[in-house]
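Peer 1: Residue numbers (our numbering): 71 to 384. Handing you a structure now.
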C-alpha cells in the first residue's frame with residue numbers, strides 16, 4: 071500500500087508564492103524582474119535569502135542553508151505555494167536534509183523542473199505529495215509567453231482536472247507504441263531520474279505514466295541513461311511513457327549516427343508499453359505545465375494525454 075496522496079491548496083489572486091533556490095544561483099538583477107512577473111500574475115511574493123546567494127560558483131548557498139530555507143517555506147503559514155528560482159545543479163544535495171514530516175503536515179504546491187526533479191521525486195516517494203513540473207522564476211517567468219503562462223495558471227488555480235493536454239500550435243506529438251493506459255504521472259528530467267536510482271529516493275514507476283525530458287545530452291548519453299532505467303526495471307514497471315523535449319541533443323561527433331528518437335525506438339519501444347514523443351514539456355520555449363502524482367490517461371493511439379485529477383486540494 072503506497073503513501074496517501076497529499077496536495078497543496080488551489081491558488082487564488084492575492085495568495086503568496088515563496089521563491090527559493092534549492093539548486094543553482096541566479097544573477098541578482100534577475101530576481102526583482104521575477105518578483106514583478108509573479109505580481110503581474112496576481113500573487114504576492116516572499117523571497118528566500120538563497121535567491122541572492124552563491125556558494126562554490128554553481129550553488130545558491132550551502133546544502134544546509136538551502137534545505138533549511140525550503141523546510142521553513144513549507145512550515146510558513148504565510149506562504150501558499152513554493153516556486154523554484156531556477157535549476158542548474160544541487161537539488162539532490164538537499165534530500166537527506168529535508169524535514170519530510172513538515173512537508174506532509176503542510177502540503178503546498180511546489181513548482182519547478184530540470185534539476186528540481188530530484189525534489190519532485192523525493193516529495194512523491196517520501197510524502198506522497200503531488201507537485202508541478204513547470205516554469206521557474208528567473209529562467210522563464212521573466213519573459214513568459216502566453217501559452218506557458220496560461221498552462222501554469224490553469225494548473226495552479228483550477229479545482230477541476232485539466233483534461234486533455236495539448237501542444238502549442240505547430241508542434242506535433244508522435245505515437246511510437248499504440249495503446250491506452252491509466253496511471254499517476256511521475257518523472258521529470260532523465261538525468262535526475264537516473265541519478266536517484268539505488269538511493270532511498272529511487273522513483274517507483276510501477277503502474278505509472280513515466281514522463282522524461284532532458285537538455286544538452288547527446289544520443290549516446292541518453293542511450294546510457296535509458297539503458298540504465300531499463301536494467302533497473304523502471305521501463306518494464308511503467309504503464310506507459312511520455313517523452314517531452316530533448317533540446318540541444320545533436321551529436322557533432324556522430325553526424326550520421328542515431329538521434330534521440332532512434333535511441334528511444336531502440337531501447338524503449340521493444341518493451342511494448344504505450345509511448346508518445348515530443349510533448350512540449352521541458353527545456354522548450356512554449357512550455358506545458360504538468361501535474362505530477364495525479365491520475366492521467368495516455369491514449370497513444372490518438373496521441374492524447376488526459377489529466378483526470380487536479381493537482382490541488384478539492
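Cβ coordinates follow ideal geometry from the N, Cα and C atoms, glycine included. Computed from a predicted model, the values in this text were never measured in an experiment.
I'd like the list of long-range same chain contacts for residue 290, defined as Cβ closer than 6 Å, with 5 residues on each side in sequence excluded.
Peer 2: Sequence index remark: in the chain shown, residue 290 carries index 220 (1-based). Nothing listed; no residue qualifies.
Peer 1: Run the CB neighbour count on residue 350, radius 10 Å, all protein chains shown included, and call it buried at 16 or more, exposed below.
Peer 2: For the purposes of this step, residue 350 is taken as the residue at position 280 of the chain shown. Label assigned to residue 350: buried.
Peer 1: In chain order, what residues of the same chain lie with their CB nearer than 6 Å to the CB of residue 185, ignoring the 5 residues before and after it?
Peer 2: Reading the chain shown from its first residue, position 115 is the one you call residue 185. Result list for residue 185: 93, 157, 158, 159 and 161, in chain order.
Peer 1: Are the beta-carbon atoms of residue 208 and residue 96 separated by less than 7 Å?
Peer 2: In the chain shown, the residue the question calls residue 208 occupies position 138. In the chain shown, the residue the question calls residue 96 occupies position 26. With contacts defined as CB atoms closer than 7 Å, residue 208 and residue 96 qualify as a contacting pair.
Peer 1: Give a yes or no on whether the C-beta atoms belonging to residue 75 and residue 198 are separated by under 7 Å.
Peer 2: Translated into positions along the chain shown, residue 75 becomes position 5. Translated into positions along the chain shown, residue 198 becomes position 128. The answer is yes: Cβ separation under 7 Å.
Peer 1: Below 7 Å between beta carbons: does that hold for residue 70 and residue 377?
Peer 2: The first residue shown for the chain is 71 and the last is 384, placing residue 70 beyond what the model contains.
Peer 1: What did DSSP end up calling residue 71 once you bin it into helix, strand or coil?
Peer 2: Walking along the chain shown from the start, residue 71 turns up at place 1. Annotation note: pLDDT 48 at residue 71 (below 50); position unreliable, coordinate value reported separately. In this structure, residue 71 counts as coil in the three-state DSSP scheme.
Peer 1: Would you mind stating whether residue 346 and residue 245 have Cβ atoms separated by less than 7 Å?
Peer 2: Locating residue 346 in the chain shown gives position 276, counting from the first residue. Locating residue 245 in the chain shown gives position 175, counting from the first residue. Going by C-beta atoms, residue 346 is nearer than 7 Å to residue 245.
Peer 1: Can you give the beta carbon distance from residue 149 to residue 116, rounded, assuming they're within the 8 Å contact cut?
Peer 2: Here residue 149 refers to the residue found at position 79 of the chain shown. Here residue 116 refers to the residue found at position 46 of the chain shown. With 8 Å as the limit, residue 149 and residue 116 qualify as a contact, their Cβ atoms being about 6 Å apart.
Peer 1: Taking the C-alpha atoms as reference points, what is the distance between residue 102 and residue 125?
Peer 2: Working through the chain shown from its first residue, we reach residue 102 at position 32. Working through the chain shown from its first residue, we reach residue 125 at position 55. One C-alpha to the other measures close to 20 Å.
Peer 1: For residue 72, is the classification buried or exposed, using 16 other Cβ atoms within 10 angstroms of its Cβ as the cut-off for buried?
Peer 2: Stepping through the chain shown from its first residue, residue 72 is reached at position 2. Burial call: exposed.
Peer 1: Can you tell me the Cα-Cα spacing of residue 275 and residue 330, whole angstroms?
Peer 2: Start at 1 with the first residue of the chain shown, and residue 275 comes out as number 205. Start at 1 with the first residue of the chain shown, and residue 330 comes out as number 260. Going by the C-alpha atoms only, they are around 22 Å apart.
Peer 1: Going by other Cβ atoms of all chains shown within 10 Å of its Cβ, with 16 needed for buried, is residue 168 buried or exposed?
Peer 2: Your numbering for residue 168 matches position 98 in the chain shown. Buried, by the Cβ-count rule.
Peer 1: Applying the 10 Å Cβ sphere with the 16-neighbour rule, what's the burial state of residue 384?
Peer 2: Taking the first residue of the chain shown as position 1, residue 384 is located at position 314. Per the 10 Å Cβ criterion, exposed.
Peer 1: Please work out which residues of its chain come closer than 6 Å, Cβ to Cβ, to residue 360, disregarding the five sequence neighbours upstream and downstream, and give them in chain order.
Peer 2: As a first step, residue 360 must be located in the chain shown, where it is residue number 290. Hits under 6 Å: 203 and 351.
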